[in-house]
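S.K.: Take a look at the following structure, please.
Residue numbers (the working numbering): 1081 to 1369.
Written out as structure tokens, the structure reads:
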């Protein structure tokens, strides 16, 4: 058995929690779109929790292992990390103002913070579960072993990428109308090279060995992005976009070209996750990507 498949066992029957998750997802979807009172406005988290657990069940069926079965109680920490991660993106959105929220009613600041944090908590596990599902298809698996960090950058290359990341972080605050897209690159160039030299997994390591199959991580976010935008469209509360120059040909609320932002966004999530694991001294990340 090679290292890439050492986690995998024989395929399993579809677990009961997968069926319950599917029912939860359907119930939340209908309640959200029909604005069924009193709980329709609170269905974002149940909807995406259902999606996450259903995808986890699909992964378990195909290979007898999943994030939930490997992480167990630590699986809940993905939700905690995700909430903090998305609040960071809310900060990055301040200068560019590319997305906005429409609320169904006034919320007190503390209640808004609680509900928003709960909803934000689903982003990271949704992307990782979708990516792991794509990984179960042999043709899509990255060639670099998920248990090896891969080659490391030279110090000059590392420093150059860090400077580039700093520019990507600062320029949207100075020229928001022209540099708004850089918010989706800044954390990649700041954190992914750092993860690489620290011996963590990185997108750069895959790039250095020409392992283009790592594209399943951005592809997983794009897959989620379609459902984020679709389920958002008839919901309330909801979000909408004001993006300079590309605000045309909308698919749901998102301009068609805006979907490209999901690709680097996935790499930022991956880099943030690896960096947090390093700061907390966690050696294993439980991902098979």
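All residues carry an ideal CB built from backbone N, CA and C; glycine is no exception. Just so you know, these numbers come straight off a predicted model, no measurement behind them.
1) Report the option in 1107, 1122, 1129, 1138 whose CA atom is closest to the CA atom of residue 1095.
2) Count the other CB atoms, across all protein chains shown, that sit within 10 Å of the CB of residue 1286; report buried if there are 16 or more and exposed otherwise.
3) The beta strand (DSSP E) with residue 1182 in it runs from where to where?
4) Check whether the Cβ atoms of residue 1282 and residue 1272 sit closer than 7 angstroms, and answer yes or no.
5) Would you kindly report the start and end of the unbroken alpha helix (DSSP H) that includes residue 1258?
6) Kindly say whether residue 1157, judged by its beta-carbon, lies nearer than 7 angstroms to any beta-carbon of chain D.
7) Below 8 angstroms, can you find three or more Cβ-Cβ pairs linking the region 1259-1278 to the region 1158-1176?
8) Is residue 1123 helix, strand or coil by DSSP?
9) Contact check, residue 1222 vs residue 1369 under 8 angstroms by CB: the rounded distance?
10) Decide yes or no for the touch test of the region 1306-1314 against the region 1148-1165: beta carbon pairs closer than 8 angstroms, at least 3 of them.
11) Might you give, ordered along the chain, the residues of its own chain that have their beta carbon closer than 6 angstroms to the beta carbon of residue 1083, omitting 5 neighbours on each side?
12) Determine whether the beta carbon atoms of residue 1349 and residue 1207 lie at a separation below 7 angstroms.
13) Which of the three DSSP states is assigned to residue 1335 in this structure?
M.R.: So, from the data block:
1) Numbered from 1 along the chain shown, position 15 holds the residue referred to as residue 1095. Selected option, being the one with the closest Cα: 1138.
2) Position 206 of the chain shown, counted from the start, is the residue given in the question as residue 1286. Buried: at least 16 other Cβ atoms inside 10 Å.
3) Start at 1 with the first residue of the chain shown, and residue 1182 comes out as number 102. Residue 1182 -> beta strand (DSSP E) spans 1179-1182.
4) Taking the chain shown and counting its residues from 1, one reaches residue 1282 at position 202. Taking the chain shown and counting its residues from 1, one reaches residue 1272 at position 192. Pairing residue 1282 with residue 1272 gives a Cβ-Cβ distance under 7 angstroms.
5) Walking along the chain shown from the start, residue 1258 turns up at place 178. Residues 1256-1259.
6) The structure shown contains no chain D, having only a single protein chain.
7) Cβ pair count under 8 angstroms is three or more, so yes.
8) For the purposes of this step, residue 1123 is taken as the residue at position 43 of the chain shown. Note: residue 1123 maps to coil in three-state DSSP.
9) Indexing the chain shown from 1 puts residue 1222 at position 142. Indexing the chain shown from 1 puts residue 1369 at position 289. Confirmed, Cβ separation roughly 6 angstroms.
10) In short, these stretches do not touch, since the Cβ pair count stays below three.
11) Taking the chain shown and counting its residues from 1, one reaches residue 1083 at position 3. In this prediction, residue 1083 has a pLDDT of 44, which is less than 50 and means its spatial position is unreliable; what the coordinates show is noted afterwards. Answer for residue 1083: 1225, 1227, listed in chain order.
12) Translated into positions along the chain shown, residue 1349 becomes position 269. Translated into positions along the chain shown, residue 1207 becomes position 127. Yes, these two residues count as a Cβ contact at 7 angstroms.
13) Against the chain shown, residue 1335 aligns to sequence position 255. In this structure, residue 1335 counts as strand in the three-state DSSP scheme.
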